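A.B. asks: Structure below; questions to follow.
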Amino acid sequence: MDIIVVGGGTSGLLSALALEKEGHNVIVFEKESYVGGLCRSEKIDGYSVDIGVHAITMLDNGPLIRLLNKYSRYLPNFRNYGDYYIRTDKLHRIPVSMHEWMTTPVIPNKDKVLITSKIMDLMTMGFTKDASVYDFVKEMGLSSTSVDFFNTIAYFLSGEDLENTPLWRFFTGAGYIPEDDILPFIYKDMKINPLKSTLVKKFGTERIINILNDGFISSIKNGSKKYINKFMTEHRYSTQGYPVGGVQSICNCITYSLRNTQIKNEEVKKITKNGKKYTVKTSEGEYTSDIIVYSAPAITLPKVAKINKIQKNKEKLSNIKFTKSTTVWIGDEKNYFPYLGSEIWIDNPCWASTVSNYDESLAPKGKHLMGFSFVNSKKEDALKTIESKLNLNTDKVDMLYVQETVPEQASCSIGQFFVYPKIDDTFFVVGTDSDPRSMGITRAAYSVEVMLSEFKNIYDTQKETAKK
Ligand SMILES: Cc1cc2nc3c(=O)[nH]c(=O)nc-3n(C[C@H](O)[C@H](O)[C@H](O)COP(=O)(O)OP(=O)(O)OC[C@H]3O[C@@H](n4cnc5c(N)ncnc54)[C@H](O)[C@@H]3O)c2cc1C
6 MDIIVVGGGT SGLLSALALE KEGHNVIVFE KESYVGGLCR SEKIDGYSVD IGVHAITMLD
66 NGPLIRLLNK YSRYLPNFRN YGDYYIRTDK LHRIPVSMHE WMTTPVIPNK DKVLITSKIM
126 DLMTMGFTKD ASVYDFVKEM GLSSTSVDFF NTIAYFLSGE DLENTPLWRF FTGAGYIPED
186 DILPFIYKDM KINPLKSTLV KKFGTERIIN ILNDGFISSI KNGSKKYINK FMTEHRYSTQ
246 GYPVGGVQSI CNCITYSLRN TQIKNEEVKK ITKNGKKYTV KTSEGEYTSD IIVYSAPAIT
306 LPKVAKINKI QKNKEKLSNI KFTKSTTVWI GDEKNYFPYL GSEIWIDNPC WASTVSNYDE
366 SLAPKGKHLM GFSFVNSKKE DALKTIESKL NLNTDKVDML YVQETVPEQA SCSIGQFFVY
426 PKIDDTFFVV GTDSDPRSMG ITRAAYSVEV MLSEFKNIYD TQKETAKK
């Protein structure tokens, strides 16, 4: 099959790699002069600066590792991520387990019992898909310190405040319920019958029916001992990591593994279908293919793809919400975060880490590279926050570099529309707006797995029929 992949970020490159190895002819079109999208690093004054602060999730057996294990020539080297902290007067670990919630100095004592008993309640009573983190917080009458804490956590889990962050995002983000359990609901919203989707292969019909009937508590009810036990005991993010060489090393691993795929630095302007073939008009010319895999933001689909099924969903696609982020990178002799892991600040939500702690070569000798990712903050406010928090003058540091980005093509907010990776038998969509599970790179990889599974269902069946 001739396949055109639109966009050369994580999801586009992973799709190209898998489809090439499955025996297809693939061309990737990337509008920039480089590939990688957000999974990339830039050289700035001798520092190797990623696009945004990163932690890669689910490295034990998540979708990225599964795909790379199957299709790539080697695996990037990941260092254990360390811990997540919150900075108030001092540094404190972000509470996850019951014991941590009960003992954390971040939450006032009177709120601790309320919060832990509410989590236990939800673990036995359940909650609906549209419940927000705010619904969880408001009934308890928590202090403003605790409310601010949940608001900040909400921003980092979904890109939205607590009123717009689904409670399931908090529960999956903390690892209280499995990420997969949200799919039956999301697929229903997408008007995909979960019982006719690739989920059946993975879950089995009975589990999907249970989840749909019982809401988000099904998994806890059915495996209650396991999940409640997990909550009651120490529970760390041991499966997260940071890639040695920066996030560019993930992109390099994929591009190095590609053999026959052509990568063309051309912007895709228009896709039309004539009979069985697609015509793809780019900034440089016109190409044809049997299949399209679209990994550019799905919000741009109605403008680019003149295909019935896409035009029918024009309004939903055009309303996909996403969040903007400002990342400040500072290179300096002083290391403000001399530990493995990262910290979150509350007043102007910020996620900060010294990435050169994982790999010294990201900074010149004797220097450190620190990243500060803010949600919905202007550059001036971000710089002011850093200066007052760390008591430093950003004019006097060795290197200062600011990036304005959109971390994910769709925020995980209440009412968000995600696109199902299969539009029809020949048009597929991948990327962070076509899967709600996990974060960033892992989320992009999840979408590629669903696309591949649908792709193989169609083409393996066709091959079987042709043989007969
Ligand atoms: C501040 C910040 C923090 C982050 N933190 C994390 C983290 O901790 N963990 C994590 O896993 N991820 C994180 N990410 C996100 C992660 O890097 C991205 O979500 C992921 O790399 C997205 O991959 P993608 O393929 O879906 O999209 P993208 O990387 O956006 O790729 C889309 C590509 O399509 C190209 N394109 C668009 N339109 C066209 C067109 N018409 N024709 C041709 N090409 C086109 C674009 O140029 C781009 O290269 C973070 C990102 C940022 C910015």
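All letters in the sequence shown, in the order written, are residues 6 to 473 by the numbering used here. All C-beta atoms in this analysis are idealised placements derived from N, C-alpha and C, irrespective of residue type, glycine included. Here the structure is a predicted model, which is why all the values come from computation and not from measurement.
1. When DSSP labels each residue in this structure, what does residue 195 get in the three-state scheme?
2. Give the DSSP-derived three-state secondary structure of residue 439 in the structure shown.
3. Between which two residues does the alpha helix (DSSP H) harbouring residue 104 extend?
4. Are there any heavy atoms of ligand 1 lying less than 8 Å away from the beta-carbon of residue 354, as far as the coordinates show?
5. Should residue 280 be labelled buried (16 or more other beta-carbon atoms within 10 Å of its own) or exposed?
6. Tell me, please, which residues DSSP counts as bridged to residue 414.
7. Using a Cβ-Cβ cutoff of less than 7 Å, which residues in the same chain neighbour residue 16 once the five nearest sequence positions on both sides are dropped?
8. Whole angstroms are fine: how far does the CA of residue 444 sit from the CA of residue 388?
9. Work out the CA separation of residue 197 and residue 175 for me, nearest whole Å.
10. Which class does residue 134 belong to by DSSP, given the choice of helix, strand or coil?
11. Among 412, 137, 149, 33, which one has its Cα closest to the Cα of residue 3?
12. Flag residue 480 as yes when its Cβ comes closer than 8 Å to any non-hydrogen atom of ligand 1, and as no otherwise.
13. Less than 9 Å between the beta carbons of residue 298 and residue 456, yes or no?
14. Run the CB neighbour count on residue 366, radius 10 Å, all protein chains shown included, and call it buried at 16 or more, exposed below.
15. Can you tell which of 146, 110, 109, 111 has the C-alpha that lies nearest to the C-alpha of residue 123?
16. Using a Cβ-based criterion (distance less than 8 Å to any ligand heavy atom), does residue 408 qualify as near ligand 1?
17. Bridge partners for residue 248 per DSSP, in chain order?
18. Is residue 444 near ligand 1, judged by its Cβ being under 8 Å from some heavy atom?
19. Let me check understanding here. Comparing Cα to Cα, which of 335, 374, 42, 426 lies closest to residue 398?
20. Would the stretch 125-132 and the stretch 88-95 be scored as touching if the rule is three or more Cβ pairs under 8 Å?
21. Could you compute how far the alpha carbon of residue 181 sits from the alpha carbon of residue 136?
22. With 16 as the cutoff for other CB atoms within 10 Å, does residue 96 come out buried or exposed?
23. List the endpoints of the continuous beta strand (DSSP E) containing residue 293.
24. For residue 256 versus residue 45, is the C-beta distance shorter than 9 Å?
25. What distance in whole Å lies between the Cβ atoms of residue 332 and residue 376, which are believed to be in contact at a cut-off of 8 Å?
26. So for residue 113, helix, strand or coil by DSSP?
27. Can we count residue 267 as close to ligand 1, meaning its CB is less than 8 Å from some heavy atom?
28. Does DSSP put residue 1 in a helix, in a strand, or in coil?
29. To the nearest whole angstrom, what separates the beta carbons of residue 159 and residue 166, a pair I think is in contact under 8 Å?
30. Count the other C-beta atoms from every protein chain shown that fall within 10 angstroms of the C-beta of residue 195, then say buried if there are 16 or more, exposed otherwise.
31. I'd like to check one pair, residue 171 with residue 418: are the Cβ atoms closer than 9 Å?
32. Any heavy atom of ligand 1 closer than 8 Å to the beta-carbon of residue 84?
33. Residues bridged to residue 279 by DSSP?
34. Thinking residue 8 and residue 31 are a contact (beta carbons under 8 Å), I'd like their distance in whole angstroms, please.
C.D. replies: Straight from the coordinates:
1. When DSSP states are grouped into helix, strand and coil, residue 195 belongs to the coil group.
2. Assigned with DSSP and collapsed to three states, residue 439 falls in coil, not helix or strand.
3. 103-108
4. No, the Cβ of residue 354 stays beyond 8 Å of every heavy atom of ligand 1.
5. exposed
6. BP columns for residue 414 are empty, so no partner.
7. 300, 435, 436, 449, 452, 453
8. 26 Å
9. 25 Å
10. coil
11. Since the first residue shown for the chain is 6 and the last is 473, residue 3 is missing from the structure and cannot be characterised.
12. Here the chain covers residues 6 to 473 and nothing more, so residue 480 does not appear.
13. Residue 298 places its beta carbon less than 9 Å from that of residue 456.
14. exposed
15. Looking from the CA of residue 123, the closest CA among 146, 110, 109, 111 belongs to 146.
16. yes
17. 83
18. True, at least one ligand heavy atom lies under 8 Å from that Cβ.
19. 335
20. no
21. 16 Å
22. Exposed is the call here.
23. 291-294
24. yes
25. 6 Å
26. coil
27. no
28. With the chain covering 6 to 473 only, the question about residue 1 has no answer from this structure.
29. Yes, residue 159 and residue 166 are in contact; Cβ-Cβ is about 6 Å, under 8 Å.
30. buried
31. yes
32. no
33. 282
34. 5 Å
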